[in-house]
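Chains as they are written, first to last, in this note's numbering: chain C, 30 to 142; chain H, 252 to 365.
Listed below in C-alpha cells is the structure:
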C-alpha cells in the first residue's frame with residue numbers, strides 16, 4: 030500500500046537557521062503531496078501542497094518540490110523562527126477521488142532563540 | 252467562517268464502555284474524515300463520509316463505527332473500549348468534490364481509557 034517516510038527527529042535548531050525535513054513516498058498511483066503542521070494542543074493545519082511532478086508548494090516561507098524521479102517532497106525553510114516550533118507531517122492522497130490521507134510519523138521541530 | 256469543531260475535547264472512559272465523539276464540519280463542507288493519532292502508530296485513517304454515505308474505511312476493527320447526518324455533522328462510536336483506544340481522535344472536513352481535497356482539521360478529542 031501507499032506509505033510515507035520522513036526523518037523522525039526531533040530536530041533542534043537555532044533561530045534563523047536553515048531547515049530541511051526529508052520526506053519520501055511510495056505509491057502505486059500518482060499521488061498529491063502535502064505538508065501539515067501541528068502546534069501543541071491543536072489539530073493539523075495544511076501548510077502546503079503539490080499535485081504534480083516539479084510543482085513547488087510554498088507558504089509562510091516554507092517550500093517543498095514534488096520530485097517524481099526520487100519520490101520525494103522535502104520541506105525547507107531558509108530562516109526558522111521560534112514560532113515555527115511544532116510537529117510537521119508529510120502526507121499523500123492517491124488520485125481517484127479518495128479523501129484518505131496517508132501520513133508520515135511526524136518530525137518534531139524545536140527552534141531556540 | 253467557523254472552523255471544524257469537535258466535542259467533547261477531553262474524555263475519560265473505562266475499559267468495556269462505549270463512547271461517541273462528535274464533529275461539526277465547516278459550513279458547506281460535505282465530506283468528513285476521521286483519524287486516530289497515537290504516539291506509537293501515528294496518524295491513521297478511520298473512515299470518511301460524504302453525503303451521509305461511508306466512502307472509504309481504514310483498517311480498524313468493527314468496534315469503530317461512524318455516521319453522518321443530513322447537515323454533514325458526523326459522529327464516531329467506539330464500543331467495548333480497550334486501553335489501546337486511548338488516542339487523539341481528529342476529524343477533518345472538506346468540500347468533497349475538489350481534487351486534490353483540502354482537508355481542514357478540528358482540534359481533536361483526547362480519549363483516555365483506564
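Glycine included, every Cβ here is placed at the ideal spot set by N, Cα and C.
Item, Value
"Take the Cβ of residue 334 of chain H as the centre, count every other Cβ of all protein chains shown within 10 Å, and call the residue buried at 16 or more, exposed below.", "exposed"
"Can you find a C-beta in chain H that's less than 7 angstroms from the C-beta of residue 101 of chain C?", "no"
"Please return the same chain residues whose Cβ sits closer than 7 angstroms to the Cβ of residue 111 of chain C, not counting the five positions on each side in sequence.", "44, 140, 142"
"If the cut is a Cβ gap below 7 angstroms, which residues of chain C does residue 358 of chain H touch?", "71, 72"
"Going by alpha carbons, who is nearest to residue 336 of chain H out of H:295, H:281, H:278?", "H:295"
"Hey, residue 351 of chain H and residue 80 of chain C are a contact pair by Cβ (cut 8 angstroms); roughly how many whole angstroms apart?", "6 angstroms"
"Can you find a CB in chain C that lies within less than 7 angstroms of the CB of residue 312 of chain H?", "no"
"If you reduce the DSSP assignment to three classes, tell me which class residue 323 of chain H lands in.", "coil"
"According to DSSP, what are the bridge partners of residue 66 of chain C?", "C:74, C:117"
"What residues of chain H sit near residue 91 of chain C, judged by a beta carbon separation below 8 angstroms?", "Neighbours of residue 91 of chain C on chain H: none; closest Cβ ~16 angstroms, over 8 angstroms."
"Measuring CB to CB, does residue 287 of chain H end up less than 7 angstroms from residue 342 of chain H?", "no"
"Please report the straight-line C-alpha distance between residue 38 of chain C and residue 321 of chain H, rounded to a whole angstrom.", "43 angstroms"
"If you compare alpha carbons, which of C:100, C:82, C:84, C:113 is closest to residue 90 of chain C?", "C:113"
"Quick check: residue 86 of chain C and residue 116 of chain C, are their CB atoms within less than 7 angstroms of each other?", "no"
"Locate the beta strand (DSSP E) running through residue 57 of chain C, then write down its first and last residues.", "Note, residue 57 of chain C: premise wrong, no beta strand (DSSP E); not H, not E."
"Compare the C-beta of residue 341 of chain H with all C-beta atoms of chain C and state if any pair is closer than 7 angstroms.", "yes"
"In its own chain, which residues sit with a C-beta less than 8 angstroms from the C-beta of residue 264 of chain H, not counting the 5 before and 5 after it?", "270, 332, 362, 363, 364, 365"
"Just by C-beta distance, which residues in the stretch 291 to 304 of chain H are closer than 7 angstroms to chain C?", "293, 294, 296, 299"
"I'd like to know whether the C-beta atoms of residue 282 of chain H and residue 298 of chain H end up nearer to each other than 7 angstroms.", "no"
"Along chain C, in chain order, which residues have C-beta atoms closer than 8 angstroms to that of residue 353 of chain H?", "75, 78"
"If you reduce the DSSP assignment to three classes, tell me which class residue 112 of chain C lands in.", "helix"
"Comparing C-alpha positions only, which one of C:60, C:47, C:52 sits nearest to residue 31 of chain C?", "C:60"
"Name the chain D residues whose beta carbon is nearer than 9 angstroms to that of residue 284 of chain H?", "This model lacks chain D altogether, as its protein chains are C and H."
"Using only the alpha-carbon positions, how far apart do residue 291 of chain H and residue 316 of chain H sit?", "22 angstroms"
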